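Chemist: Handing you this structure, nothing more for now.
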Amino acid sequence: MTRRNEYKNDCKLSGKFSLRRSQKYYEVPAGELILRVQCYNEKHQSIYHDVHFFLPAPKPAQEQQQQADRLSVMILGIDSLAHMNFLRMMPQTAAYIKQLPHVEFWGYNRVGLNSFPNLTPLLLGQSDEEVERGCYANKTSFDHCPLLWQQFKAAGYNTSFAEDSYYIGTFNYLKSGFRQQPTDFYLRPVLHEMHYESGQSMGKFRCTGNRKFAQVLHEFAYKLTPHLLAAPHFSFFWETEGVHDYFNYPKLRDADYRRLLQHLNGTQVLQRTLLLLMADHGLRFGRYRNTYQGMQEENQPLLIALYPSWLDAAFPLAMSHLRSNAHSLVTTFDLHVTLKDILLLPLLGDRHVAARADALSKLDSQLPRGISLFLPIPQQRDCQTAGILSEYCSCHKLSSMASADPRAQRAAQYMVKSINKLISNEPLCQRLRLQRLEVAYLYDSANNQREFEVKVRLFTRPGGGQFEGTTRFLDNTLALNGDIQRTNKYGNQSYCIQNYHIEMYCYC
Ligand SMILES: [Zn+2]
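Sequential numbering from 1 applies to the sequence shown in UniProt numbering.
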């Protein structure tokens with residue numbers, strides 16, 4: 001099977017043969033290969049159906065390419081994993097990381113609602129809106145978007161992109177994905193085969209044969225190892241299935257992540273790689289999410305950087321900045337510029353870094369949105385300068401308000417009105433009414449009677465949608481400050497429209 005496009009593979013060769021006593025195996029040709037295997041017994045009942053894949057061995061010339069001044073980059077992403085939930089649910093992985101050189105970031109804050117607006121800053125250095133107005137304006141493909149892996153490719157790296165979710169892929173969920181295969185190694189064609197042919201749905205995750213799609217994602221990483229060792233490599237792995245939906249699910253993935261890190265360390269991949277173990281945001285739905293703690297954790301995803309110890313000796317100043325940023329407010333915009341610094345590794349030398357740090361300190365309040373973590377994040381950085389919407393900012397102090405407070409009631413009514421405005425062009429979406437105001441919070445500027453912010457969570461009808469948002473009061477006017485989030489699942493309530501911007505608000 002080979003990739004024709006994002007949504008179709010071509011079958012190059014197919015055949016049937018009998019596994020008689022004399023022929024217990026079938027030899028497959030060498031190279032990159034996707035195989036669908038189905039076995040039948042004498043009664044023509046299917047007894048085995050699965051998809052397997054092979055990667056070619058690195059070309060001998062490539063094996064020389066790994067140079068001392070090149071650093072590979074690996075992003076291991078786990079969707080919807082809050083930092084706190086990582087510590088709760090993945091103790092084996094957390095304990096293993098403690099033995100390796102690493103920086104754990106405690107001030108990493110999401111910038112947008114869901115995966116896409118948090119990942120475009122990482123992969124493109126742009127907000128989702130900037131991407132949609134710019135390189136994705138024609139909505140036909142992301143081929144012309146300057147994705148980070150293209151920049152690494154241009155610098156002589158090999159590249160890989162793999163996600164475990166076929167349906168809600170970062171660039172594919174209600175979006176067009178790529179026309180050309182985006183990276184040298186690409187898992188999607190394998191997942192396509194599994195999704196449509198051998199896959200079984202198990203609630204919010206899928207299996208093929210006896211393994212979950214998330215395990216297939218790791219299988220890809222294991223099979224890629226010779227390439228990771230042979231030449232500089234930029235790889236992006238993203239896991240969504242299960243972790244996206246269940247609070248306890250990361251517990252089931254803990255041993256696999258510990259094993260993968262052990263493997264990467266044991267094979268010396270980590271000796272030549274900066275690895276980011278990270279998430280995009282915390283859990284977005286459900287009972288835990290809708291507690292005060294869950295609401296705060298949603299804004300604070302996991303981010304840990306693992307690095308080879310020789311970096312400390314080679315780039316002492318840059319690495320000391322990386323460590324001192326462990327408690328700074330950081331975002332995926334910062335990660336983008338940080339990874340770009342890897343492309344010009346020699347420029348992380350003390351002299352250059354000192355000059356850049358000096359220039360940064362003189363910018364005062366005109367700070368750039370993304371700052372390399374190899375530089376000291378200035379103290380004056382706040383959510384606004386970092387590109388974090390107030391709604392998602394962890395720096396605020398919230399105090400509870402009574403639901404009966406007229407300001408809370410006004411904010412709730414305003415939010416419902418705003419939702420109705422968002423869906424006003426969709427005649428199939430029903431107009432919503434306020435069913436109940438669940439909670440309300442006043443932001444820290446409580447003493448200012450003229451200008452203040454109120455966060456509310458409420459239920460609407462019909463459809464029982466649960467929504468959360470922040471409204472800003474200025475004199476007698478009201479405005480939204482950030483997105484309106486849906487904090488309970490909407491299943492297929494919005495089946496009548498195909499628009500990822502507003503599907504969470506639409507009850508058909
Ligand atoms: Zn996400």
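By construction, the Cβ of each residue, glycine as well, lies at the ideal position given by its N, Cα and C atoms. Since this is a predicted model, take the numbers as computed values, not measurements.
(1) Hey, could you find the ends of the alpha helix (DSSP H) residue 333 is sitting in?
(2) Between 473, 117 and 175, which has its C-alpha nearest residue 127's C-alpha?
(3) Residue 238: buried (16+ other C-beta within 10 angstroms of its C-beta) or exposed?
(4) Tell me whether the beta-carbon of residue 57 lies closer than 8 angstroms to the beta-carbon of residue 226.
(5) Taking one C-beta from the stretch 172 to 186 and one from the stretch 124 to 142 each time, how about it: are there three or more such pairs within less than 8 angstroms?
(6) Which word fits residue 455, buried or exposed, when buried means at least 16 other C-beta atoms lie within 10 angstroms of its C-beta?
(7) Counting only C-beta atoms, is residue 360 closer than 8 angstroms to chain D at any point?
(8) Looking at C-beta atoms only, is the number of pairs between the stretch 274 to 285 and the stretch 302 to 310 that lie closer than 8 angstroms three or more?
(9) For residue 287, which residues does DSSP report across the bridge?
(10) Let me have the residue list for ligand 1: C-beta closer than 6 angstroms to any non-hydrogen atom, ordered along the chain.
(11) Going by other Cβ atoms of all chains shown within 10 Å of its Cβ, with 16 needed for buried, is residue 202 buried or exposed?
(12) Looking at C-alpha atoms only, which residue of 469, 441, 473 and 490 is the closest neighbour of residue 482?
(13) Threshold first: 3 residues or longer. Then list the beta strand (DSSP E) segments lying entirely within the stretch 82 to 150, N to C.
(14) Pull the bridge partners of residue 238 from the DSSP assignment, please.
(15) Assign residue 281 to buried or exposed, taking buried as 16 or more other Cβ atoms, counted over all protein chains shown, within 10 Å of its Cβ.
(16) For residue 380 and residue 353, I'd like the C-alpha separation in whole angstroms.
(17) Is it the case that the CB of residue 297 approaches a heavy atom of ligand 2 more closely than 7 angstroms?
(18) I need the DSSP call for residue 1, collapsed to helix, strand or coil.
(19) Can you tell me which of the three DSSP states residue 494 falls into?
(20) Below 8 angstroms, can you find three or more Cβ-Cβ pairs linking the stretch 392 to 400 to the stretch 472 to 481?
(21) Among the candidates 491, 55 and 44, whose CA atom is the shortest distance from the CA of residue 186?
(22) Which same chain residues, not among the five before or five after residue 262, have their C-beta less than 8 angstroms away from its C-beta?
(23) Quick check on residue 40: does DSSP put it in helix, strand or coil?
(24) Please work out which residues of its chain come closer than 8 angstroms, Cβ to Cβ, to residue 31, disregarding the five sequence neighbours upstream and downstream, and give them in chain order.
(25) In whole angstroms, what separates the C-alpha of residue 416 from that of residue 383?
(26) Based on DSSP bridge pairs, tell me the residues matched to residue 467.
(27) Cβ atoms of residue 329 and residue 107: under 8 angstroms apart, would you say?
(28) State the DSSP-derived secondary structure class of residue 388, mapped to helix, strand or coil.
(29) Which two residues bound the contiguous beta strand (DSSP E) that contains residue 401?
(30) Can you grab the Cα-Cα spacing for the pair residue 78 / residue 169, in whole Å?
(31) With a threshold of 16 other CB atoms inside 10 Å of the CB of residue 220, please say whether the residue is buried or exposed.
(32) What residue does the beta strand (DSSP E) around residue 201 start on, and which one ends it?
(33) Please work out which residues of its chain come closer than 8 angstroms, Cβ to Cβ, to residue 204, disregarding the five sequence neighbours upstream and downstream, and give them in chain order.
Modeler: In short, the structure shows the following:
(1) Residues 332 to 343.
(2) Out of 473, 117 and 175, the CA that lies nearest to the CA of residue 127 is found in 117.
(3) By the neighbour-count rule (16 or more Cβ atoms within 10 Å), residue 238 is buried.
(4) Cβ distance < 8 angstroms, so residue 57 and residue 226 count as in contact.
(5) By the Cβ rule, the stretch 172 to 186 counts as touching the stretch 124 to 142, because three or more pairs are nearer than 8 angstroms.
(6) Answer is buried; the Cβ neighbour count reaches 16.
(7) Going by chain labels, chain D is absent from the structure shown, which holds only one protein chain.
(8) In short, these stretches touch, since the Cβ pair count reaches three.
(9) Paired residue(s): none; residue 287 is not in a bridge.
(10) Having a Cβ closer than 6 angstroms to some heavy atom of ligand 1 are 79, 80, 114, 115, 280 and 281.
(11) Burial is judged here by how many other beta carbons sit within 10 angstroms of a residue's own beta carbon; residue 202 has fewer than 16 and is exposed.
(12) Here the closest residue by C-alpha is 469.
(13) Taking 3 residues as the minimum length, the beta strand (DSSP E) runs contained wholly in the stretch 82 to 150 are 102 to 104, in order along the chain.
(14) BP columns for residue 238 point to 77 and 163.
(15) Counting C-beta atoms within 10 angstroms of its own C-beta, residue 281 has 16 or more neighbours from the protein chains shown and is therefore classed as buried.
(16) When rounded, the distance between both Cα atoms is 20 angstroms.
(17) Questions concerning ligand 2 fall outside what the structure shown contains, since the ligands it does hold are ligand 1.
(18) When DSSP states are grouped into helix, strand and coil, residue 1 belongs to the coil group.
(19) In this structure, residue 494 counts as coil in the three-state DSSP scheme.
(20) As far as the Cβ criterion goes, the stretch 392 to 400 does not touch the stretch 472 to 481, which means the pair count is below three.
(21) Among 491, 55 and 44, the Cα nearest to that of residue 186 belongs to 55.
(22) Counting only residues of its own chain and dropping the five nearest sequence neighbours on each side, residue 262 has a CB closer than 8 angstroms to the CB of 96.
(23) Strand.
(24) Taken in chain order, the residues that qualify are 54 and 56.
(25) Residue 416 and residue 383 have their C-alpha atoms spaced approximately 26 angstroms apart.
(26) According to DSSP, residue 467 bridges with 458 and 486.
(27) With contacts defined by Cβ atoms closer than 8 angstroms, residue 107 and residue 329 form a contacting pair.
(28) Looking at residue 388 - three-state DSSP - the assignment turns out to be coil, as it is neither helix nor strand.
(29) Unbroken beta strand (DSSP E) run through residue 401: 399 to 401.
(30) Approximately 13 angstroms, taken between the alpha carbons.
(31) Residue 220 is buried by the Cβ-count criterion.
(32) Per DSSP, residue 201 belongs to the beta strand (DSSP E) from 199 to 201.
(33) These residues qualify, in order along the chain: 241, 242, 244, 245 and 246.
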